[in-house]
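Have a look at the structure below before the remarks.
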Amino acid sequence: MSIKFYGFWRSLAAYRVRVSLKLKGLAYEEIPVNLLAGEQHDSAYLAINPQGAVPALVIEGLSKPLFQSLAILDYLEYAHPIPSLMPSLPADRARVLALAHLCASDGHPLVVPRVRNYLQNTLKLEETARNQWLQHWTFEALNAYERVLTQDPRGGRFSHGDQVSVADLCLASQVVGAELFGCELVRIPRVMDIFKELMTLPAFSASMPKRQSDAPQQN
Ligand SMILES: N[C@@H](CCC(=O)N[C@@H](CS)C(=O)NCC(=O)O)C(=O)O
Numbered sequence: 405m406s407i408k409f410y411g412f413w414r415s416l417a418a419y420r421v422r423v424s425l426k427l428k429g430l431a432y433e434e435i436p437v438n439l440l441a442g443e444q445h446d447s448a449y450l451a452i453n454p455q456g457a458v459p460a461l462v463i464e465g466l467s468k469p470l471f472q473s474l475a476i477l478d479y480l481e482y483a484h485p486i487p488s489l490m491p492s493l494p495a496d497r498a499r500v501l502a503l504a505h506l507c508a509s510d511g512h513p514l515v516v517p518r519v520r521n522y523l524q525n526t527l528k529l530e531e532t533a534r535n536q537w538l539q540h541w542t543f544e545a546l547n548a549y550e551r552v553l554t555q556d557p558r559g560g561r562f563s564h565g566d567q568v569s570v571a572d573l574c575l576a577s578q579v580v581g582a583e584l585f586g587c588e589l590v591r592i593p594r595v596m597d598i599f600k601e602l603m604t605l606p607a608f609s610a611s612m613p614k615r616q617s618d619a620p621q622q623n
């Protein structure tokens, strides 16, 4: 079975899927879509993901590509259940998904390139105000995550007990954004403890933006 993974080195949504593929031991070929060059709008890519965003997965044997990171994670969970990234009890699943959505559905969408471009080109917000926006909304999501972890004892080594879950993939991607936008990470110590634990796992550390082949070379 071949898997083509359309991503971009610094995409937070692509990061989540990259980690899942690695944790589940699935080999894939990553095809960069340069978001800074606008390649997501090319007709060839729109034929793969009509939304014009990464990630997208083309899996041999499936009639259509998969898109939207949480939908892709869900597919991978059902199609390749071991190791599982979701708890089995309904209430635990709801908690994990709530944490995942907090990052992937509430925090992250406010900082994607199309929103940043709109702030810059249509609303004419200057750079300082734009950066304030990115920092504010990225931190807000993680601050809420921190409150959940503080108030709800079901966290452990990771977001939900001691097993890596889909919530951790979303936490890690959101922290990657927070580091990029200069958020005050000392204000979210529980989140950062978990992030540090996650970074000890090769699937998470090898998926970091700067380690991708399409990332700019560092001098
Ligand atoms: N909710 C989507 C977000 C996808 C998304 O917006 N990805 C960004 C990169 S992180 C993108 O490709 N944006 C293109 C653009 O905004 O033009 C998901 O989780 O897959």
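Residue numbering for the sequence shown follows our numbering, starting at 405 and increasing by one per position.
Beta carbons: idealized from backbone N, C-alpha and C, even for Gly.
Identified DSSP bridge partners for residue i
| i | result |
| --- | --- |
| residue 461 | 409, 470 |
| residue 559 | 565 |
Heavy atom of ligand 1 within 7 angstroms of residue i beta-carbon
| i | result |
| --- | --- |
| residue 474 | yes |
| residue 616 | no |
| residue 487 | no |
| residue 412 | yes |
| residue 444 | yes |
| residue 511 | no |
| residue 605 | no |
| residue 458 | yes |
| residue 518 | yes |
| residue 498 | no |
| residue 501 | no |
| residue 415 | yes |
| residue 508 | yes |
| residue 371 | The question about residue 371 has no answer, for the chain in this structure spans 405 to 623. |
| residue 529 | no |
| residue 440 | no |
Closest residue to residue i among the options (Cα-Cα distance)
| i | options | result |
| --- | --- | --- |
| residue 499 | 557, 616, 416, 614 | 557 |
| residue 547 | 489, 503, 416 | 503 |
| residue 539 | 551, 522, 579 | 579 |
| residue 544 | 572, 435, 514, 519 | 514 |
| residue 593 | 585, 584, 575 | 575 |
| residue 570 | 411, 424, 415, 406 | 424 |
| residue 549 | 506, 541, 582, 560 | 506 |
| residue 421 | 622, 487, 475, 441 | 475 |
| residue 489 | 572, 613, 598 | 572 |
| residue 416 | 512, 525, 598 | 512 |
Residue i - containing alpha helix (DSSP H), residue span
| i | result |
| --- | --- |
| residue 598 | 593-603 |
| residue 426 | 416-427 |
| residue 518 | 517-521 |
| residue 617 | Note, residue 617: premise wrong, no alpha helix (DSSP H); not H, not E. |
| residue 609 | 606-609 |
Residue range of the beta strand (DSSP E) that includes residue i
| i | result |
| --- | --- |
| residue 530 | No beta strand (DSSP E) contains residue 530, which DSSP labels as neither H nor E. |
Reduced DSSP secondary structure (H/G/I, E/B, other) of residue i
| i | result |
| --- | --- |
| residue 452 | coil |
| residue 436 | strand |
| residue 578 | helix |
| residue 494 | helix |
| residue 443 | helix |
| residue 587 | coil |
| residue 476 | helix |
| residue 622 | coil |
| residue 485 | coil |
| residue 392 | Residue 392 cannot be examined here, being either before or after the span of the chain that is shown, 405 to 623. |
| residue 431 | coil |
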